[in-house]
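S.K.: Just so you know, the protein sequences line up as chains Y and B, in that order.
Residues in the first sequence are numbered consecutively from 248, following our numbering.
Residues in the second sequence are numbered consecutively from 248, following our numbering.
Sharing a structure, written as structure tokens. Questions coming.
Number of protein chains: 2
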Amino acid sequence: MANPTAAMLVIGDEILSGRTRDANMHYLAGELTSHGIDLKEVRIVSDDADAIVDAVRALAKGYAQVFTSGGIGPTHDDITADCIAEAFARPIDIRADARALLEAHYARTGLELNAARLRMARIPEGATLIENPVSTAPGFTLENVHVMAGVPSVFRAMVASVVPTLTGGAPLLSQSLSVMRGEGEIAGLLGVLAQDFADLSIGCYPFQKDGAFGANVVVRGANGARVDAAVTRLADELGL
Amino acid sequence: MANPTAAMLVIGDEILSGRTRDANMHYLAGELTSHGIDLKEVRIVSDDADAIVDAVRALAKGYAQVFTSGGIGPTHDDITADCIAEAFARPIDIRADARALLEAHYARTGLELNAARLRMARIPEGATLIENPVSTAPGFTLENVHVMAGVPSVFRAMVASVVPTLTGGAPLLSQSLSVMRGEGEIAGLLGVLAQDFADLSIGCYPFQKDGAFGANVVVRGANGARVDAAVTRLADELGL
Numbered sequence: 248m249a250n251p252t253a254a255m256l257v258i259g260d261e262i263l264s265g266r267t268r269d270a271n272m273h274y275l276a277g278e279l280t281s282h283g284i285d286l287k288e289v290r291i292v293s294d295d296a297d298a299i300v301d302a303v304r305a306l307a308k309g310y311a312q313v314f315t316s317g318g319i320g321p322t323h324d325d326i327t328a329d330c331i332a333e334a335f336a337r338p339i340d341i342r343a344d345a346r347a348l349l350e351a352h353y354a355r356t357g358l359e360l361n362a363a364r365l366r367m368a369r370i371p372e373g374a375t376l377i378e379n380p381v382s383t384a385p386g387f388t389l390e391n392v393h394v395m396a397g398v399p400s401v402f403r404a405m406v407a408s409v410v411p412t413l414t415g416g417a418p419l420l421s422q423s424l425s426v427m428r429g430e431g432e433i434a435g436l437l438g439v440l441a442q443d444f445a446d447l448s449i450g451c452y453p454f455q456k457d458g459a460f461g462a463n464v465v466v467r468g469a470n471g472a473r474v475d476a477a478v479t480r481l482a483d484e485l486g487l
Numbered sequence: 248m249a250n251p252t253a254a255m256l257v258i259g260d261e262i263l264s265g266r267t268r269d270a271n272m273h274y275l276a277g278e279l280t281s282h283g284i285d286l287k288e289v290r291i292v293s294d295d296a297d298a299i300v301d302a303v304r305a306l307a308k309g310y311a312q313v314f315t316s317g318g319i320g321p322t323h324d325d326i327t328a329d330c331i332a333e334a335f336a337r338p339i340d341i342r343a344d345a346r347a348l349l350e351a352h353y354a355r356t357g358l359e360l361n362a363a364r365l366r367m368a369r370i371p372e373g374a375t376l377i378e379n380p381v382s383t384a385p386g387f388t389l390e391n392v393h394v395m396a397g398v399p400s401v402f403r404a405m406v407a408s409v410v411p412t413l414t415g416g417a418p419l420l421s422q423s424l425s426v427m428r429g430e431g432e433i434a435g436l437l438g439v440l441a442q443d444f445a446d447l448s449i450g451c452y453p454f455q456k457d458g459a460f461g462a463n464v465v466v467r468g469a470n471g472a473r474v475d476a477a478v479t480r481l482a483d484e485l486g487l
């Protein structure tokens, strides 16, 4: 049976302008792979309401689970929660339990729960809160969309709350073989291998090292014995 | 006048599985920003023909320029050129000038131009070749889509050939201010600033350092004097 599918939506101008390098995608990709959920698509859009709403609708329809990162803080450019509400045509307002979390947090830290911070308690109707053990302001799940913070430490904590609750499939196993030959030299062999092991995914990722071309061949699949068999045959045929 | 827009499509299972961290997006984002082209969206899809064709069509329609990375090598999972041809309903075949480039390259290096390598001369009808000074196999431009390699050194060389030929806008200037206060504390001020400087983009990117919360405020715009004015006022109001 095929594994459940997922998509990710990264929200933020700072990544599209080249100012920041996204760290959350790589992390989520690894966590989903271990849990047997196949990340099939990632989109990165700017802090633009139409772009966010369109992407949320398309991804929520196309994949079993959707994870968003970014845009749920207190500032004027944090519009993700409102966009999710719009995408699902739900009302949004400050919610009592989210507000209580923030009140307790700011009382503890001696900071003021001002109007800007209170925006972080705006939650679309019908959503479930996602715990934030790092800085309290919660994420939320609405339908199949999990809305999480962009700050990497908070994002990771939220992923740790959400992913174990989802139905996973067979974790994808992988083995790789580094070959110091050009991709073009082993491409024919890999094509035959891909046909003979149609239940596996065989990828070839070229690299350059000290001016010579090499390739990492990665064999992935749910059945460890088959992955072993394919890698062993590849090594045999290459005389490694 | 608004700057021209662009989107990027990254093709490759290895990024979605968490095996590899994409390096090309961050590079392209920086190059486009300096050239006055606004990168508005990035999509990452797997080596799946339908996913690639759908994404190419959507992005080519939505943005002035589209850049793809990955899937143009010699192996069975390199299907980008065929997908681009399909997206634009163009025939695709081995093209004489691309074949001649490969023949000369492999004659020089003493390697065989086998059937797998010859696939890299498959170019959709009507495309223009993009030079590859690193490993010869060319990229190509079809309509507003620039099809480039995934290997970072080759990708960068192709970006260097293509981007200077495109019409850019005013390069985006930016200044940033690092503030050791929680985002929620400065959010109100930033909201007022965003209204008073509606021609600029004002972003706030929270971070954690030694357990304390801070924020980088980034002010971007085409007019340097306005960017200066906004940052100066922000610093004044914060007493920095």
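Ideal Cβ positions, reconstructed from N, Cα and C, are used throughout, including at glycine.
On a predicted model such as this, the values are computed, not experimentally measured, just so you know.
1) With distances taken between CB atoms, is the gap from residue 334(B) to residue 303(B) smaller than 8 Å?
2) How would you call residue 439(Y), buried or exposed, if buried means at least 16 neighbouring beta carbons within 10 angstroms?
3) Would you decide whether residue 385(B) is buried or exposed? Buried here means 16 or more other CB atoms lie within 10 Å of its CB.
4) For residue 297(Y), would you say it is in contact with chain B, using Cβ-to-Cβ distances shorter than 8 Å as the test?
5) List the residues that DSSP assigns as beta-bridge partners of residue 252(Y).
6) Which residues of the region 272–297 of chain Y have a Cβ closer than 9 Å to any Cβ of chain A? Give them in chain order.
7) Is it the case that the Cβ atoms of residue 394(B) and residue 327(B) are separated by a distance below 8 Å?
8) Can the beta-carbon of residue 365(Y) be found less than 8 Å from the beta-carbon of residue 344(Y)?
9) Is it the case that the CB of residue 340(Y) approaches a heavy atom of the ligand GDP more closely than 7 Å?
10) If I measure Cβ to Cβ from residue 426(Y) and keep anything under 7 Å in the same chain, skipping five residues before and after, which residues do I get?
11) Using a Cβ-Cβ cut-off of 6 Å (strictly less than) and excluding sequence neighbours within five positions of residue 338(B), which residues of its own chain qualify?
12) Given a cut-off of 8 Å on the beta-carbon distance, is the pair residue 293(B) and residue 280(Y) in contact?
13) Helix, strand or coil: which one does DSSP assign to residue 329(Y)?
14) Measure from the alpha carbon of residue 261(Y) to the alpha carbon of each residue in 424(Y), 443(Y), 398(Y) and 449(Y), then state which is nearest.
15) Mind listing the chain Y neighbours of residue 453(B)? Cutoff is C-beta to C-beta under 7 Å, in chain order.
16) Would you report the Cα separation of residue 315(Y) and residue 274(Y), rounded to the nearest angstrom?
17) Can you name the residues that DSSP bridges to residue 462(Y)?
18) Using a C-beta to C-beta distance shorter than 9 Å, which residues of chain Y count as neighbours of residue 265(B)?
19) Since residue 380(B) and residue 282(B) should fall inside the 8 Å C-beta cutoff, what is the C-beta to C-beta distance between them, to a whole number of angstroms?
20) Mark residue 194(Y) as exposed unless 16 or more other C-beta atoms lie within 10 angstroms of its C-beta, in which case mark it buried.
21) Identify the contact partners of residue 324(B) in chain Y, using a Cβ-Cβ distance below 7 Å as the criterion.
22) Just to confirm, is the Cβ distance from residue 447(B) to residue 480(B) under 8 Å?
23) Under 8 Å, do residue 367(Y) and residue 320(Y) count as touching if we go by C-beta distance?
24) For residue 363(Y), which residues in chain B fall below 7 Å Cβ to Cβ?
25) Can you check which of these residues, 413(B), 329(B) and 483(B), is closest to residue 424(B) by C-alpha distance?
26) Using only CA atoms, which one of 459(B), 407(B) and 457(B) lies nearest to residue 276(B)?
27) Taking Cβ to Cβ, would you say residue 250(B) is nearer than 8 Å to residue 297(B)?
28) Thinking C-beta only, is residue 478(Y) closer than 8 Å to residue 422(Y)?
29) Straight-line CA distance for residue 271(B) to residue 391(B)?
30) Between the C-alpha atoms of residue 454(B) and residue 430(B), what's the straight-line distance to the nearest angstrom?
31) Would you give the residue range spanned by the alpha helix (DSSP H) that residue 405(B) belongs to?
32) At what residue ranges does the region 343–374 of chain B contain a whole run of the alpha helix (DSSP H), taking only runs of 4 or more?
33) Closer than 6 Å by C-beta to residue 290(B): which residues in its own chain qualify, once you throw out the five before and the five after it? Chain order, please.
34) Starting from residue 381(B), follow the beta strand (DSSP E) in both directions and report where the run begins and ends.
35) Consider the Cβ of residue 467(Y): report whether some Cβ of chain B lies at a distance smaller than 8 Å.
36) In chain Y, which residues lie less than 7 Å from residue 441(B) when you measure between Cβ atoms?
M.R.: Taking the geometry as given:
1) Taking 8 Å as the Cβ cut-off, residue 334(B) and residue 303(B) qualify as a contacting pair.
2) exposed
3) Counting every other CB atom within 10 Å of its CB across the protein chains shown gives residue 385(B) a total of 16 or more, marking it as buried.
4) no
5) 285(Y)
6) In summary, chain A is missing from the structure at hand, where the protein chains are Y and B.
7) yes
8) no
9) This structure simply doesn't include the ligand GDP, nor any ligand for that matter.
10) So the qualifying residues of the chain are 433, 461, 462, 464 and 485.
11) For residue 338(B), the CB contacts under 6 Å within the same chain, skipping 5 residues up- and downstream, are 372 in chain order.
12) no
13) helix
14) For residue 261(Y), the closest alpha carbon among the candidates 424(Y), 443(Y), 398(Y) and 449(Y) is that of 398(Y).
15) 320 and 398
16) 13 Å
17) Bridge partners of residue 462(Y): 426(Y) and 453(Y).
18) 272, 273, 274, 275, 276, 277, 278, 279, 280, 281 and 286
19) No, residue 380(B) and residue 282(B) are not in contact; Cβ-Cβ is about 20 Å, not under 8 Å.
20) Since the first residue shown for chain Y is 248 and the last is 487, residue 194(Y) is missing from the structure and cannot be characterised.
21) Ordered by position in chain Y, the residues that pass the 7 Å Cβ test against residue 324(B) are 450 and 451.
22) no
23) yes
24) The answer, in chain order, is 431, 434 and 435.
25) Each of 413(B), 329(B) and 483(B) was checked against the Cα of residue 424(B), and the nearest Cα belongs to 483(B).
26) Checked all of 459(B), 407(B) and 457(B); the closest Cα to residue 276(B) is 407(B).
27) Cβ atoms of residue 250(B) and residue 297(B): not closer than 8 Å.
28) Yes. Within cutoff.
29) Roughly 19 Å separates the two Cα atoms.
30) Distance between the alpha carbons of residue 454(B) and residue 430(B) is about 9 Å.
31) 399–409
32) 343–356 and 362–365
33) 256 and 302
34) Premise fails: residue 381(B) is in no beta strand (DSSP E) and is neither H nor E.
35) yes
36) Residues of chain Y whose Cβ lies closer than 7 Å to the Cβ of residue 441(B) are, in chain order, 323.
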